[in-house]
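One line per chain: the protein sequences are A and B, in this order.
First residue of the first sequence: 45, per this note's numbering; consecutive thereafter.
First residue of the second sequence: 4, per this note's numbering; consecutive thereafter.
Backbone N, C-alpha and C define an ideal beta-carbon position, used for all residues, glycine too.
Okay, structure first, notes after.
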Amino acid sequence: MTQFKQQFDALLDYWPDEDSDLRAVRNNAFDRFNELGIPNKKWEEWQFTDFSNLNKSNFRLSWAEDLPNLPDKIPGRIPNTHLILMINGHYQSQLSDLPNGITVSTGVDHFNANPEDYHMNGNPFLALNTSMMNSGVPIIVEPNVVIEKPIQIIYLMTDFSEPLMNHPRFHFEMGANAQATIVEHYIGHSNIPHFVNSVSKVKVGDNAHLSHIRILETDDHAIYTASTDYSLSKDARLTTTSLSFGGHTFRHDIKLSFNGPGAEATLNGLSLTENAQHHDQHVVVDHGNDACQSHQLFKYILSDKSSGVFNGKVVVREHTKQTNADQSNKNLLLSPTALMNANPQLEIYAEDVKCAHGSTTGQIDPEALFYLRSRGISKQKAIELIIGGFAKEIIDSVDNDDVKSYINDHVTDWLEGTMHHG
Amino acid sequence: MLKIENLHAGVDGKQILNGISLTVNPGELHAIMGRNGSGKSTLANVITGRDNYEVTSGSVTYNGIDLLDMSPEDRALSGVFMSFQYPVVIPGVNNTYFLRAALNAKLKHQGLKEINAADFMRLIREKLKLVNMDEKYLSRAVNDGFSGGEKKRNEILQMLTLEPALSILDETDSGLDIDALKIVAEGVNNFRNSERSFVAITHYQRLLDYMKPDHIHVLIDGKIVKSGDMTLAHQLEEKGYSWLES
Numbered sequence: 045m046t047q048f049k050q051q052f053d054a055l056l057d058y059w060p061d062e063d064s065d066l067r068a069v070r071n072n073a074f075d076r077f078n079e080l081g082i083p084n085k086k087w088e089e090w091q092f093t094d095f096s097n098l099n100k101s102n103f104r105l106s107w108a109e110d111l112p113n114l115p116d117k118i119p120g121r122i123p124n125t126h127l128i129l130m131i132n133g134h135y136q137s138q139l140s141d142l143p144n145g146i147t148v149s150t151g152v153d154h155f156n157a158n159p160e161d162y163h164m165n166g167n168p169f170l171a172l173n174t175s176m177m178n179s180g181v182p183i184i185v186e187p188n189v190v191i192e193k194p195i196q197i198i199y200l201m202t203d204f205s206e207p208l209m210n211h212p213r214f215h216f217e218m219g220a221n222a223q224a225t226i227v228e229h230y231i232g233h234s235n236i237p238h239f240v241n242s243v244s245k246v247k248v249g250d251n252a253h254l255s256h257i258r259i260l261e262t263d264d265h266a267i268y269t270a271s272t273d274y275s276l277s278k279d280a281r282l283t284t285t286s287l288s289f290g291g292h293t294f295r296h297d298i299k300l301s302f303n304g305p306g307a308e309a310t311l312n313g314l315s316l317t318e319n320a321q322h323h324d325q326h327v328v329v330d331h332g333n334d335a336c337q338s339h340q341l342f343k344y345i346l347s348d349k350s351s352g353v354f355n356g357k358v359v360v361r362e363h364t365k366q367t368n369a370d371q372s373n374k375n376l377l378l379s380p381t382a383l384m385n386a387n388p389q390l391e392i393y394a395e396d397v398k399c400a401h402g403s404t405t406g407q408i409d410p411e412a413l414f415y416l417r418s419r420g421i422s423k424q425k426a427i428e429l430i431i432g433g434f435a436k437e438i439i440d441s442v443d444n445d446d447v448k449s450y451i452n453d454h455v456t457d458w459l460e461g462t463m464h465h466g
Numbered sequence: 004m005l006k007i008e009n010l011h012a013g014v015d016g017k018q019i020l021n022g023i024s025l026t027v028n029p030g031e032l033h034a035i036m037g038r039n040g041s042g043k044s045t046l047a048n049v050i051t052g053r054d055n056y057e058v059t060s061g062s063v064t065y066n067g068i069d070l071l072d073m074s075p076e077d078r079a080l081s082g083v084f085m086s087f088q089y090p091v092v093i094p095g096v097n098n099t100y101f102l103r104a105a106l107n108a109k110l111k112h113q114g115l116k117e118i119n120a121a122d123f124m125r126l127i128r129e130k131l132k133l134v135n136m137d138e139k140y141l142s143r144a145v146n147d148g149f150s151g152g153e154k155k156r157n158e159i160l161q162m163l164t165l166e167p168a169l170s171i172l173d174e175t176d177s178g179l180d181i182d183a184l185k186i187v188a189e190g191v192n193n194f195r196n197s198e199r200s201f202v203a204i205t206h207y208q209r210l211l212d213y214m215k216p217d218h219i220h221v222l223i224d225g226k227i228v229k230s231g232d233m234t235l236a237h238q239l240e241e242k243g244y245s246w247l248e249s
């Protein structure tokens with residue numbers, strides 16, 4: 045814990061003239077984090093995920109001097125998108141391109157306008173983020189605005205020489221009737237450990253449509269923790285697709301609440317793990333309004349000694365009507381040493397409800413493998429086809445063709461890579 | 004073409020084939036008839052190389068090469084094909100993509116140029132007509148949402164596309180109504196020539212009425228107990244199998 049205390053003090057020193065209300069929130073949040081501590085195996089909601097590596101490196105907050113020379117080519121760039129670029133936590137306005145109809149405010153302004161968005165719950169990483177939030181942007185899409193091209197936010201960690209950490213804070217707010225696609229894209233490639241603890245608060249206004257794609261691409265030394273909170277107003281539409289590749293440890297807490305009737309949310313995820321990587325996703329969908337629909341499909345593809353956790357909960361509050369909710373978790377183990385823990389849950393306190401949930405974990409279907417091989421397709425190619433087929437359902441849930449093709453290429457590369465080393 | 008000698012084989016420790024000998028020459032269609040459990044499908048699975056089937060003695064050669072030593076894909080690339088009794092659904096794998104991947108694997112094996120997507124579409128549309136299949140099946144995942152009859156037509160479509168020298172038709176007639184049966188049989192008949200050979204496994208004479216096999220063999224307890232021509236199929240239809248049991 046001492047490293048976090050040191051870094052917290054350093055942050056307060058770094059911004060001595062910060063808004064006093066914001067400072068009070070930071071102090072409260074840090075106290076809350078200290079009170080809660082880093083989760084360990086005794087915590088029910090965290091029992092399958094080991095965070096001891098957080099204390100094995102001295103993670104330092106990234107300051108302006110940690111900004112490397114700008115890369116010639118921005119990694120992960122998806123064509124035909126607007127760009128918001130952050131490198132090692134530092135916003136690169138000269139390389140960013142913002143469409144009309146959106147407002148990017150400062151963190152302080154956003155905080156002063158929406159103090160309620162900075163409240164905390166029992167998630168220590170959310171408290172840690174609130175205490176040390178040092179990057180990220182609030183993005184507000186004005187009412188009735190349709191942003192045609194996706195907005196790609198690249199959060200790149202690169203070229204650093206000691207363990208760094210960042211606590212990005214994003215707020216995405218869709219005004220009434222607005223439409224947009226936001227790609228929240230984390231890329232971190234380094235042999236030096238890094239820790240990115242992000243929080244994204246997403247509000248989708250009345251009858252607004254948001255497609256939110258989250259991509260994580262990192263490798264064996266990185267720890268990524270994330271909290272994403274969605275709140276949907278009347279008749280809002282949300283589609284989320286979360287693609288997660290790699291990382292020593294990845295934990296994502298997704299919460300969704302319906303704050304108005306008639307809204308619909310589709311939450312999809314695909315996790316790909318190899319070596320000893322570990323992905324843990326907790327999803328809570330809270331139906332507290334009438335005539336809302338939620339659909340969840342989370343898939344994991346696990347190879348080597350990697351492991352996954354999926355914990356999904358759908359809550360339907362008393363007296364809500366016409367709820368339609370389903371949740372599905374499907375996992376494919378590519379090696380006998382890969383491990384999956386799945387725990388789908390329903391908590392229904394209402395009667396007018398259509399709910400379904402299920403979870404399956406299996407290996408490559410030997411019948412399918414033999415069928416493909418009996419047509420002259422090599423064993424390796426057949427396995428790639430079957431895994432690719434398993435992933436396709438999630439990839440296809442992305443509407444935008446450029447984003448879809450980016451993801452598809454990455455899944456294919458991952459598959460070829462994991463097949464060759466495995 | 005195919006030479007099976009004194010084949011003994013089983014699955015999961017259970018002995019099923021008890022000494023099968025069979026020679027299939029180029030251009031011939033052999034029918035293998037028998038009850039459930041007589042070993043018909045085991046024979047097909049051993050020829051095509053399904054896992055878990057263990058050959059305890061005997062040999063299977065194809066154009067003089069030991070087939071049993073080869074992987075399933077190498078057998079296929081050499082020209083052996085099986086129309087599955089239960090075609091497998093492969094979620095998320097597009098049927099057209101799969102068919103082209105299979106054809107290209109074969110072309111590559113033969114040292115030929117792979118076929119591009121446009122040429123393949125022209126080719127596959129012709130083949131679809133031969134089995135009276137709607138184009139919509141091309142855009143679906145392999146066998147996904149296909150009825151029993153559509154799955155069997157998709158098997159024959161694959162055969163017509165890959166043009167194997169030896170086709171094993173494992174109960175291709177099961178689950179087909181009479182119209183679908185005629186289409187499948189015609190697909191096979193049009194594909195027959197003096198070089199292509201077939202082994203058709205079936206319970207019933209019906210399929211054979213359309214396909215007109217050169218030889219019929221009756222399998223009981225993993226052994227061929229009688230061989231003959233179409234008259235044997237008619238006798239079986241009338242009298243069943245019991246008169247052949249010792």
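Got a sec: is the Cβ-Cβ distance from residue i to anything in chain B below 8 Å?
i, result
"LEU429 (chain A)", "yes"
"GLY180 (chain A)", "no"
"ILE451 (chain A)", "no"
"GLU411 (chain A)", "yes"
List the residues of chain B whose Cβ lies closer than 7 Å to the Cβ of residue i, in chain order.
i, result
"GLU437 (chain A)", "GLY95"
"ILE421 (chain A)", "GLU76, ALA104, ALA105 and ALA108"
For a contact defined as C-beta to C-beta under 8 Å, what are the partners of residue i on chain B?
i, result
"LYS343 (chain A)", "Near LYS343 (chain A) there are no residues of chain B at all, since even the closest Cβ is about 11 Å away, more than 8 Å."
"PHE434 (chain A)", "PRO94 and GLY95"
Taking Cβ positions only, does residue i come closer than 8 Å to chain A?
i, result
"ALA108 (chain B)", "yes"
"ALA236 (chain B)", "no"
"LEU165 (chain B)", "yes"
If you count every other CB in all the chains shown that lies within 10 Å of the CB of residue i, and 16 or more means buried, which is it?
i, result
"TYR56 (chain B)", "buried"
"ARG70 (chain A)", "buried"
"ILE159 (chain B)", "buried"
"LYS49 (chain A)", "exposed"
"ILE68 (chain B)", "exposed"
"GLY243 (chain B)", "exposed"
"GLN51 (chain A)", "buried"
"TRP90 (chain A)", "buried"
"ASP75 (chain A)", "exposed"
Measuring CA to CA, which of the options is closest to residue i?
i, options, result
"GLY356 (chain A)", "A:ASN373, A:THR367, A:MET384 and A:ASN368", "A:ASN373"
"GLY82 (chain B)", "B:GLU138, B:MET162, B:GLY22 and B:ILE35", "B:MET162"
"THR456 (chain A)", "A:GLU428, A:HIS464 and A:ASN444", "A:GLU428"
"GLU308 (chain A)", "A:HIS326, A:ASP334 and A:HIS296", "A:ASP334"
"HIS465 (chain A)", "A:PRO112, A:ARG67 and A:ASN319", "A:ASN319"
"ASP203 (chain A)", "A:GLY219, A:HIS233 and A:GLU437", "A:HIS233"
"ASN303 (chain A)", "A:ASP250, A:LYS343 and A:LEU346", "A:ASP250"
"VAL14 (chain B)", "B:PRO75, B:LYS139, B:LEU133 and B:GLY225", "B:GLY225"
"HIS401 (chain A)", "A:PHE103, A:ASP153, A:ALA369 and A:GLU109", "A:ALA369"
"ALA266 (chain A)", "A:LEU287, A:SER286, A:GLY291 and A:SER275", "A:GLY291"
"MET124 (chain B)", "B:GLU138, B:PHE194 and B:HIS112", "B:GLU138"
"ILE99 (chain A)", "A:ILE195, A:PRO237 and A:ALA73", "Looking at the sequence shown, residue 99 (chain A) is not Ile but Asn. The candidate whose alpha carbon is nearest that of ASN99 (chain A) is A:PRO237."
Residue i touches chain A at which residues, Cβ-Cβ below 7 Å?
i, result
"ARG53 (chain B)", "PHE414"
"VAL91 (chain B)", "GLU411, ALA412 and TYR415"
"GLN161 (chain B)", "ARG419"
Whose Cβ in chain B lies nearer than 9 Å to the Cβ of residue i?
i, result
"SER418 (chain A)", "THR51, GLY52, ARG53, PRO75, GLU76, ARG78, ALA79, VAL83, PHE84, MET85 and PHE87"
If we define contact as Cβ-Cβ less than 8 Å, is residue i a contact residue for chain E?
i, result
"VAL14 (chain B)", "In the structure shown, chain E cannot be found, because the protein chains are A and B."
Just the chain A side, please: which residues come within less than 9 Å of residue i by C-beta, in chain order?
i, result
"ALA144 (chain B)", "GLY433 and LYS436"
Every unbroken beta strand (DSSP E) inside the stretch 196–234 of chain A [3 residues or more] | 208–210, 213–218 and 223–232
Return the chain-ordered ranges of every alpha helix (DSSP H) run that is complete within the stretch 94–167 of chain A and spans a minimum of 4 residues.
-> 151–157
What are the start and end residues of each continuous alpha helix (DSSP H) run of 4 or more residues lying completely inside the stretch 89–166 of chain B, in chain order?
-> 98–112, 120–133 and 151–165
Complete runs of the beta strand (DSSP E) confined to the stretch 316–350 of chain A [at least 3 residues] | 322–331 and 337–346
Ignoring anything shorter than 3 residues or poking outside the stretch 34–80 of chain B, list the beta strand (DSSP E) runs there in chain order.
-> 56–65
Would you list, in sequence order, the uninterrupted beta strand (DSSP E) runs of no fewer than 3 residues that lie entirely inside the stretch 346–420 of chain A?
-> 351–360, 367–377, 383–392 and 397–407
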